[in-house]
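Novice:
In the numbering used here, the protein residues as written are -1 to 100.
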């Protein structure tokens, strides 16, 4: 009889020990009924590599090499905006112009 051993726990994503918080706007507000959307995240640099995490669930967003003199916060915000906004667009409400017929 073959009994499977205990399963290994899946590693949980962790934020870096000294993260820096970033907030990006992923969708502009259109009017008073639509407040827009922002996404929060964290970034850290280790060994010349920029690491970015989503603040909602601490999931890693991505990483990229950073050169001396690069604007690290700009690169982190850009990565967070690009990776967070793409998959959400399908479920966003369609905003019709006022007075349109649909």
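Cβ coordinates follow ideal geometry from the N, Cα and C atoms, glycine included.
Since I believe residue 53 is in contact with residue 38 (beta carbons under 8 Å), could you give me their beta-carbon distance rounded to a whole number of angstroms?
Specialist: Between residue 53 and residue 38 the Cβ distance is about 4 Å, and since that is below 8 Å, they are a contact.
Novice: According to the Cβ coordinates, are residue 20 and residue 46 closer than 7 Å?
Specialist: No.
Novice: Need the endpoints of the beta strand (DSSP E) that residue 28 sits in, please.
Specialist: Counting along the chain, residue 28 falls outside any beta strand (DSSP E), and DSSP gives it neither H nor E.
Novice: Looking at residue 17: is its Cβ nearer than 7 Å to the Cβ of residue 42?
Specialist: In contact: residue 17 and residue 42 (Cβ atoms closer than 7 Å).
Novice: Which of helix, strand or coil does DSSP assign to residue 54?
Specialist: Coil, per DSSP.
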